[in-house]
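Chains as they are written, first to last, in the working numbering: chain A, 61 to 125; chain B, 27 to 283; chain C, 1262 to 1486; chain D, 89 to 307.
Note that the Cβ used here is the ideal one computed from N, Cα and C, for glycine as well.
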């Protein structure tokens, strides 16, 4: 461990703003991409459900007519 | 080549393969990221010249390396898409582009915040930063070209061609920018950053860097696979296999995505 | 069979004729170039030293921008009136026709620039000793713009809003050209030999002219369907 | 491959399409389509808008790749003998390929020259026949759509290509123009040529044997 205390770790020898903003932005971008992928998958799932429901309605209408 | 690739021209086979290899990238990626972060931020020794600020290297260098690496892999996917007319390869181009662009952006941003304490300015027209900036433009061009087409197949093919043209040009751009930089060199400060990429870097700093390089590869590859799978499902949402995957989603939510 | 050379000549002849009947399209990029170059003294001040210092870069950046204006014409009209389809159905490799289109585009856009280059050098107070090298860089560089530009146009010709996109695709690819061209002129200004960068520009020229037709062909196949 | 050499021989298979499939976007236009075009035949492709008539023609010309299947010219895949095929085939599409900046004569001269049959003299008689008398040396942009189309169709009298692929050749033509064109079609197939075309107008089958192939709109 290179740092004596938690606050020294945060301060990064005076470069805290730079170091932490670099790391934050990096993982923010990666996280954003990951979230987008998960969110997209959820949307697709909804879309598939909607389509199956539509298909069922069409088939039902066909059977009843 | 064709014999080997052909099964994966089918979306379903590609999807199944992707599902299988995704954990092999995602899990090591996450673990190595955790290790690399703690090691790099807390345990690696400070630099004798730059103090703690050099720790930005642990995200800057991996992002820069893979931004270039992913461009090359995007171009290879484009080549496969064009030569063998494989649609899944086109989709791979489109899955890689945003991830590569994000890596390029990360390397630019971290380069700027590293430059500020070291050089007293956010941006210098350093050869490394400049060629990264051009690389970002190339990624943006590929993405913009794809989006501009209404017909997704045509867009995918156009983007593949552009990626290929770009990858032929990258070494030339790289070389010309370095040459331009030495021509207009006004000070030697850029050497401060360059020093870290020479083999003379101390092993206590090198090892966490290596860990982070592999961590970034795992994470970025996992992102690409996730995006590719989403695209495959979206294009084939009418097909039974896609509906089956999407319906069974909730229980395998955690590892399928 | 008309033979590859015969078809090349026919396309060149026809396109030169077409271009000579739409003169405003040819003049506009040239006037644009003149205006952009004359904006710089107004923007950075008329000091002869600073102008001479930025002249190579200004002339080349302006030439690149004005080239972007005229590039679209290479395939756009042909795409709209069906001549592009017919060109793809000629009994000759598409690369030959593409080279003819590139050649015509170069003649109609670059030759005027070569003619007014001394005027641009004069406006920006570029030392006389560098005029020859400036002219040589334009001579070697403009075919690269036409050939690489053809790739971009082939990819965007079917899009309605291709203009801005075209610049976004092409300008990053042309950066090495800009670097070496300005370096050559700067070397000449400071009395050094410009052979190195000029030789590299010659290499670019050869590479682009050889490889671009294949990329253009692939791009046209995507756009025309 | 000129028309004369085919004239006296028994019908030859000029063009053969096997198992063609075309997908545009998400929609299958047609699948497993087969057709065999022999010399002396006129094929009309029918179907409602959006059924894929134009796509089929463009696949036959080689402008558009088919998703599956192959097109063969004289027994050889057109991808292998592209130049030969293009030498022997004439395509006039929706967009006629007439440069609006050039005159009728200049347009025709260009197409004749690139097909390897340069004109010896300006084709005034032909242009008069297709109804463009007095408009021969006006840039085509000054002419109406129908007149521009007639310039493109005039190529049919100058070409020696045995195979014609025509997308809606009768559009924007008057009754006399249609009759003229049909007469030319009859002449062409009688001398060993073949034609594949799309048309909304019914074609009078009296003058030449007419094969029809119908595409349906598929959802």
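Taking 8 Å as the Cβ-Cβ cut-off, the segment 1352-1371 of chain C approaches chain D at 1352, 1353, 1354, given in chain order. Contact with chain B is found for residue 1483 (chain C), since one of that chain's Cβ atoms lies less than 9 Å from the residue's Cβ. Contact of residue 194 (chain D) with chain C by beta-carbon distance below 8 Å involves 1275, 1278.
Excluding its 5 nearest sequence neighbours in each direction, residue 99 (chain B) has C-beta neighbours in its own chain below 7 Å: 122, listed in chain order. Membership of residue 158 (chain D) in any alpha helix (DSSP H) is not indicated; the residue belongs instead to the beta strand (DSSP E) covering 156-161. Burial check for residue 1404 (chain C): the Cβ neighbour count within 10 Å reaches 16 or more, so the residue is buried.
DSSP, read as helix, strand or coil, puts residue 132 (chain D) in strand. Of the residues B:200, B:61, B:243, B:183, the one whose Cα lies closest to the Cα of residue 96 (chain B) is B:243. CA-to-CA, the gap between residue 79 (chain A) and residue 40 (chain B) works out to about 40 Å.
Inclusion of residue 190 (chain D) and residue 1275 (chain C) in the CB contact set at 9 Å is warranted, their separation being smaller than that value.
Residue pairing for residue 1360 (chain C): DSSP places it in no beta bridge. A distance below 9 Å separates the beta carbons of residue 188 (chain D) and residue 229 (chain D). Fully contained in the segment 265-296 of chain D is no alpha helix (DSSP H) run of length 4 or more. Assignment of residue 221 (chain D) by DSSP, reduced to helix, strand and coil, places it in the coil class. Checking the DSSP bridge columns, you'll see residue 110 (chain D) partnered with D:118. Counting C-beta pairs closer than 8 Å gives fewer than three between the segment 168-185 of chain D and the segment 207-220 of chain D, which falls short of the contact rule. Residue 240 (chain D) is classed as buried because its beta carbon has at least 16 other beta carbons within 10 Å across all chains shown. In this structure, the straight-line span from the alpha carbon of residue 1469 (chain C) to that of residue 245 (chain D) is close to 41 Å.
In the assembly as shown, residue 183 (chain B) is a buried residue. Its beta-carbon has 16 or more other beta-carbons within 10 Å. For the segment 1400-1462 of chain C, not one full-length beta strand (DSSP E) segment reaches 3 residues or more.
The beta-carbon distance between residue 137 (chain B) and residue 1434 (chain C), rounded to whole angstroms, is 23 Å. This is too long to meet the 8 Å contact definition. Proximity to residue 176 (chain B) across C:1358, C:1429, C:1483, C:1373 peaks at C:1483, based on C-alpha coordinates. Against residue 209 (chain B), the close residues of chain C are 1444, in the order they occur along the chain (beta-carbon pairs closer than 7 Å). Interface criterion not met: the Cβ of residue 136 (chain D) is under 9 Å from no Cβ in chain C. Between residue 155 (chain D) and residue 175 (chain D), the gap from beta carbon to beta carbon reaches 9 Å or more. By the Cβ test, the segment 1318-1337 of chain C is in contact with the segment 1294-1302 of chain C, since at least three Cβ pairs between them sit closer than 8 Å. A Cβ of chain B is located within less than 9 Å of the beta carbon of residue 90 (chain A). Between residue 1430 (chain C) and residue 1349 (chain C), the beta carbon gap of about 22 Å keeps them out of contact (Cβ cut-off 8 Å). Runs of the alpha helix (DSSP H) spanning 4 or more residues and lying entirely within the segment 156-204 of chain D occur at 170-176, 192-202, in chain order. Only residues of its own chain outside the window of five on either side were considered, and among them 1298, 1301, 1302, 1312, 1313, 1315, 1316, 1319, 1320 have a CB closer than 8 Å to the CB of residue 1385 (chain C), listed in chain order. With the rule of 3 Cβ pairs closer than 8 Å, the segment 38-54 of chain B counts as touching the segment 256-268 of chain B. Of all residues in the segment 1436-1469 of chain C, only 1436, 1437, 1440, 1441, 1444 come within less than 7 Å of chain B when Cβ atoms are compared, listed by chain position. Distances from the CA of residue 1271 (chain C) to each of C:1351, C:1398, C:1472 were compared; the closest alpha carbon is that of C:1351. About 17 Å separates the CB atoms of residue 103 (chain D) and residue 303 (chain D); that is not less than 8 Å, and the two are not in contact. Taking 7 Å as the upper bound on Cβ-Cβ separation, chain B lies near residues 69, 72, 73, 75, 78, 79, 81, 82, 83, 85, 86, 89, 90, 93, 94 of the segment 67-94 of chain A. With a threshold of 9 Å between beta carbons, residue 107 (chain A) makes contact with chain B.
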